[in-house]
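Student:
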Amino acid sequence: MGLVLHVDGERWRAHLRATAEARDGLVPVVKGNGYGFGLARLARKSAWLGTDTVAVGTPFEVDDVATRFTGDILVLTPWRAFDADAVDLAHASRVIHTISGRDELDGLLAVNPNPRIVLERMTSMKRHGFTARGLRVAVDEVRAHPAIRLEGASFHLPLAPRAGNLAEAEALMTDVVAAGLGNGQVWVSHLGVSDVSALSTRYPDVRLRQRIGTELWLGDRDALTVRAHVLDRHPVERGEVFGYRGRTASREGTILVVSGGTSHGIGLEAPTGDASVRARASALARGGLDAAGLARSPFTIDGKPRYFAEPPHMQASMLFLPSGVAVPEIGEVVDVRVRHTATTFDRVEIS
Ligand SMILES: *Cc1c(COP(=O)(O)O)cnc(C)c1O
Numbered sequence: 218m219g220l221v222l223h224v225d226g227e228r229w230r231a232h233l234r235a236t237a238e239a240r241d242g243l244v245p246v247v248k249g250n251g252y253g254f255g256l257a258r259l260a261r262k263s264a265w266l267g268t269d270t271v272a273v274g275t276p277f278e279v280d281d282v283a284t285r286f287t288g289d290i291l292v293l294t295p296w297r298a299f300d301a302d303a304v305d306l307a308h309a310s311r312v313i314h315t316i317s318g319r320d321e322l323d324g325l326l327a328v329n330p331n332p333r334i335v336l337e338r339m340t341s342m343k344r345h346g347f348t349a350r351g352l353r354v355a356v357d358e359v360r361a362h363p364a365i366r367l368e369g370a371s372f373h374l375p376l377a378p379r380a381g382n383l384a385e386a387e388a389l390m391t392d393v394v395a396a397g398l399g400n401g402q403v404w405v406s407h408l409g410v411s412d413v414s415a416l417s418t419r420y421p422d423v424r425l426r427q428r429i430g431t432e433l434w435l436g437d438r439d440a441l442t443v444r445a446h447v448l449d450r451h452p453v454e455r456g457e458v459f460g461y462r463g464r465t466a467s468r469e470g471t472i473l474v475v476s477g478g479t480s481h482g483i484g485l486e487a488p489t490g491d492a493s494v495r496a497r498a499s500a501l502a503r504g505g506l507d508a509a510g511l512a513r514s515p516f517t518i519d520g521k522p523r524y525f526a527e528p529p530h531m532q533a534s535m536l537f538l539p540s541g542v543a544v545p546e547i548g549e550v551v552d553v554r555v556r557h558t559a560t561t562f563d564r565v566e567i568s
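Just remember that my numbering sits 217 ahead of the position in the sequence shown, which is counted from 1.
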């Protein structure tokens, strides 16, 4: 009973292997909710894939991953003194920290005299990183500290596919070369396969490390199905009272109680998967509501997405099925559309 992610194991593993083959120097990204699979499972799968390094999002994720993956662990969020105690020093020799400003370097050296680091170059994302000049200065400073292991430069590009990413990566590579890192590793994100091959041809001495999460773990959606259980069903007449808020049914139908609520990440707004401006505009115009003021749910029943009878509860949701819809039995499963990076499943079943 619950919200379950079903994985076609053979298909999923084939996709993981194919991605690792197509993406030389792959660094699987294992962060957040583990893309719905959980951090521990992705750490083990990365070991199975044979990668030497994984990337975690924050220092708080290092310890969970370090006990399940024996290679190196890159921390994507730049090092900050206020989180210096988040990483168990037992793992320090396997951790590669991201440095995005020169003050961080002094702070890191104060707690770890021989750290491993990558220097982040700022991109059009404007999230973290050095300017071109800042990168040159930082490289000089780092080289003056033989105890620091410099593992290369890093940049985080906006989401692909985006035509501008190759041009931006090439411009940033010029800065990396000018800083004296033209024969090391460069850690990148969100470059297409052809972008990576163009860059590699142009910079044969650079080892590109491709940080990939979504395309790796969630890249074959047909391998993944999300299902919820029907927990209960109640016929209602028009005008009958139901729910936490004591609202009344605007027509005859069935209240269906299904597993999956706010604690799983089930929100009022169903993910449409359709990001076109027109789709968004029309969703806005509708307010995601039907004439009776109901919001569309991510649960599909009898072939159609159905409306919430009221906002989702903590672990279950109440849906309204108008009369005429085939009402599933208690114990039957229904399909659910979710954002995998924002969903906590009760169980992940891999065949
Ligand atoms: C999350 C993240 C990635 C991976 O992003 P996906 O879109 O899931 O592949 C790569 N680099 C950085 C810095 C990130 O924060």
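Glycine included, every Cβ here is placed at the ideal spot set by N, Cα and C. The structure presented is a predicted model; accordingly, all values stated were derived computationally and were not measured.
Could you tell me whether any non-hydrogen atom of ligand 1 is closer than 6 Å to the CB of His451?
Tutor: Residue mapping note: residue 451 aligns to position 234 of the sequence shown, counting from 1. For ligand 1, not one heavy atom lies less than 6 Å from the Cβ of His451.
Student: Ends of the alpha helix (DSSP H) at Trp229?
Tutor: The residue you call residue 229 lines up with position 12 of the sequence shown. First-last of the alpha helix (DSSP H) with Trp229: 226-239.
Student: Hey, quick one: how far does the beta strand (DSSP E) through Gly369 stretch, first residue to last?
Tutor: Here residue 369 refers to the residue found at position 152 when the sequence shown is read from its first residue. Note, Gly369: beta strand (DSSP E), 366-372.
Student: Determine whether the beta carbon atoms of Arg240 and Gln427 lie at a separation below 7 Å.
Tutor: To locate residue 240, count along the sequence shown from 1; it is residue 23. To locate residue 427, count along the sequence shown from 1; it is residue 210. Result yes, Cβ atoms of Arg240 and Gln427 sit closer than 7 Å.
Student: Entirely within the segment 407-482 and at least 3 residues each: give me those beta strand (DSSP E) ranges in chain order.
Tutor: Whole beta strand (DSSP E) segments, 3+ residues: 424-429, 441-453, 470-476.
Student: Looking at ligand 1, does it come within less than 6 Å of Ile429, judged from the CB to the closest heavy atom?
Tutor: The count along the sequence shown starts at 1 and reaches residue 429 at position 212. Ile429: yes, Cβ under 6 Å from ligand 1.
Student: How big is the Cα-Cα spacing for Val312 and Pro529?
Tutor: Walking along the sequence shown from the start, residue 312 turns up at place 95. Walking along the sequence shown from the start, residue 529 turns up at place 312. Their backbone Cα atoms lie some 40 Å apart in a straight line.
Student: DSSP three-state call for Glu214: helix, strand or coil?
Tutor: The question about residue 214 has no answer here: the residues shown for the chain are numbered 218 through 568.
Student: Rounded to the nearest angstrom, what separates Arg523 and Ala380 at their Cα positions?
Tutor: Walking along the sequence shown from the start, residue 523 turns up at place 306. Walking along the sequence shown from the start, residue 380 turns up at place 163. Taking the straight line from one Cα to the other gives about 37 Å.
Student: With a threshold of 6 Å, establish whether the CB of Ser406 neighbours any heavy atom of ligand 1.
Tutor: Within the sequence shown, residue 406 is the residue found at index 189, counting from 1. Ser406: yes, Cβ under 6 Å from ligand 1.
Student: For the putative contact between Asp563 and Gly219, defined by C-beta atoms under 8 Å, what is the C-beta separation to the nearest angstrom?
Tutor: Numbered from its first residue, the sequence shown carries residue 563 at position 346. Numbered from its first residue, the sequence shown carries residue 219 at position 2. Yes, they are in contact, since the Cβ atoms of Asp563 and Gly219 sit about 3 Å apart, within 8 Å.
Student: Distance check for Leu473 and Pro539, CA to CA, integer angstroms please.
Tutor: Reading the sequence shown from its first residue, position 322 is the one you call residue 539. Reading the sequence shown from its first residue, position 256 is the one you call residue 473. Approximately 11 Å between the Cα atoms of the pair.
Student: Given Thr442, which residues of its chain have a CB within under 6 Å of its CB, disregarding the five upstream and five downstream residues?
Tutor: If you number the sequence shown from 1, residue 442 lands on position 225. Closer than 6 Å at Cβ, skipping near neighbours: His223.
Student: Met531: buried (16+ other C-beta within 10 angstroms of its C-beta) or exposed?
Tutor: Residue numbering aside, residue 531 sits at position 314 when the sequence shown is read from its first letter. Exposed is the call here.
Student: Less than 7 Å between the C-beta atoms of Thr471 and Pro452, yes or no?
Tutor: For the purposes of this step, residue 471 is taken as residue 254 along the sequence shown, with counting starting at 1. For the purposes of this step, residue 452 is taken as residue 235 along the sequence shown, with counting starting at 1. Yes; because the gap between Cβ atoms is below 7 Å, this pair is in contact.
Student: Over what stretch of residues does the beta strand (DSSP E) that includes Ala533 continue unbroken?
Tutor: To locate residue 533, count along the sequence shown from 1; it is residue 316. Where Ala533 is concerned, the enclosing beta strand (DSSP E) stretches over 533-539.
Student: Around the C-beta of Ala502, are 16 or more other C-beta atoms found within 10 angstroms, so that it is buried, or is it exposed?
Tutor: Position 285 of the sequence shown, counted from the first residue, corresponds to residue 502. With a pLDDT of only 48 at Ala502, under 50, the local geometry of the prediction cannot be trusted, and no value is derived from it.
Student: Three-state secondary structure (DSSP) at Glu337?
Tutor: Along the sequence shown, one-based indexing puts residue 337 at 120. Glu337: strand per DSSP, three-state reduction.
Student: Would Lys248 pass as a contact of Gly274 if the rule is Cβ separation under 7 Å?
Tutor: Here residue 248 refers to the residue found at position 31 when the sequence shown is read from its first residue. Here residue 274 refers to the residue found at position 57 when the sequence shown is read from its first residue. Against a cut-off of 7 Å, the Cβ pair of Gly274 and Lys248 comes out as a contact.
Student: Ignoring anything shorter than 3 residues or poking outside the segment 277-362, list the beta strand (DSSP E) runs there in chain order.
Tutor: 289-292, 312-316, 333-337, all fully within the segment 277-362.
Student: Within 10 angstroms of the Cβ of Lys592, are there 16 or more other Cβ atoms? Answer buried if so, exposed if not.
Tutor: The requested residue 592 does not occur in the structure, where the chain is confined to residues 218 to 568.
Student: Tell me, to the nearest whole angstrom, how far the beta carbon of Ala395 is from that of Leu416; I am working on the premise that it is less than 8 Å.
Tutor: In the sequence shown, residue 395 corresponds to position 178, counting from 1. In the sequence shown, residue 416 corresponds to position 199, counting from 1. About 16 Å; that fails the 8 Å criterion.
Student: Mind checking which residues open and close the alpha helix (DSSP H) that includes Arg261?
Tutor: Along the sequence shown, one-based indexing puts residue 261 at 44. Residues 256-266.
Student: Does Val247 come out as helix, strand or coil in the three-state DSSP assignment?
Tutor: Along the sequence shown, read from residue 1 onward, the residue named residue 247 stands at position 30. DSSP places Val247 in coil when its eight states are reduced to three.
Student: Apart from the five residues just before and just after Gly226, which ones in its own chain have a Cβ nearer than 7 Å to its Cβ?
Tutor: Position 9 of the sequence shown holds residue 226. Around Gly226: Ile567, Ser568.
Student: In the DSSP assignment, the beta strand (DSSP E) including Thr517 goes from what residue to what residue?
Tutor: For the purposes of this step, residue 517 is taken as residue 300 along the sequence shown, with counting starting at 1. Per DSSP, Thr517 belongs to the beta strand (DSSP E) from 513-518.
Student: Pick out whichever of Asp320, Ser414, Ile518, Asp281 has its Cα sitting closest to the Cα of Glu546.
Tutor: The sequence position of residue 546 within the sequence shown is 329, counting from 1. With distances taken between Cα atoms, Glu546 lies closest to Ile518.
Student: Is any heavy atom in ligand 1 found nearer than 6 Å to the beta carbon of Leu425?
Tutor: As a working mapping, residue 425 is identified with position 208 in the sequence shown. Checking every heavy atom of ligand 1 against the Cβ of Leu425, none is found closer than 6 Å.
Student: Report whether the distance from the Cβ of Val410 to the nearest heavy atom of ligand 1 is below 6 Å.
Tutor: Against the sequence shown, residue 410 aligns to sequence position 193. Incorrect: Val410 has no Cβ contact closer than 6 Å to ligand 1.
Student: Go ahead and pull the three-state DSSP assignment for His530.
Tutor: The residue labelled residue 530 in the question sits at position 313 within the sequence shown. Three-state result, His530: coil.
Student: Should His569 be listed as close to ligand 1, given that the test is whether its C-beta is under 6 Å from any heavy atom?
Tutor: Outside the shown range of the chain, which is 218 to 568, sits residue 569, and nothing can be said about it.
Student: Val246: beta carbon under 6 Å from a heavy atom of ligand 3?
Tutor: With respect to small molecules bound, the structure shown includes ligand 1 and not ligand 3.
Student: What three-state label does DSSP hand Ala272 in the structure shown?
Tutor: As a position in the sequence shown, residue 272 is number 55, starting the count at 1. It is a strand residue.
Student: Whole angstroms are fine: how far does the CA of His446 sit from the CA of Gly267?
Tutor: Working through the sequence shown from its first residue, we reach residue 267 at position 50. Working through the sequence shown from its first residue, we reach residue 446 at position 229. Going from the Cα of Gly267 to the Cα of His446 covers about 36 Å.
Student: According to the neighbour-count rule (16 or more other Cβ atoms, all chains shown, within 10 Å of its Cβ), is Asp412 buried or exposed?
Tutor: As a position in the sequence shown, residue 412 is number 195, starting the count at 1. Under this definition Asp412 is a buried residue.
Student: Please confirm whether Val356 and Gly397 have their CB atoms less than 7 Å apart.
Tutor: One-based indexing of the sequence shown puts residue 356 at position 139. One-based indexing of the sequence shown puts residue 397 at position 180. Contact: yes.
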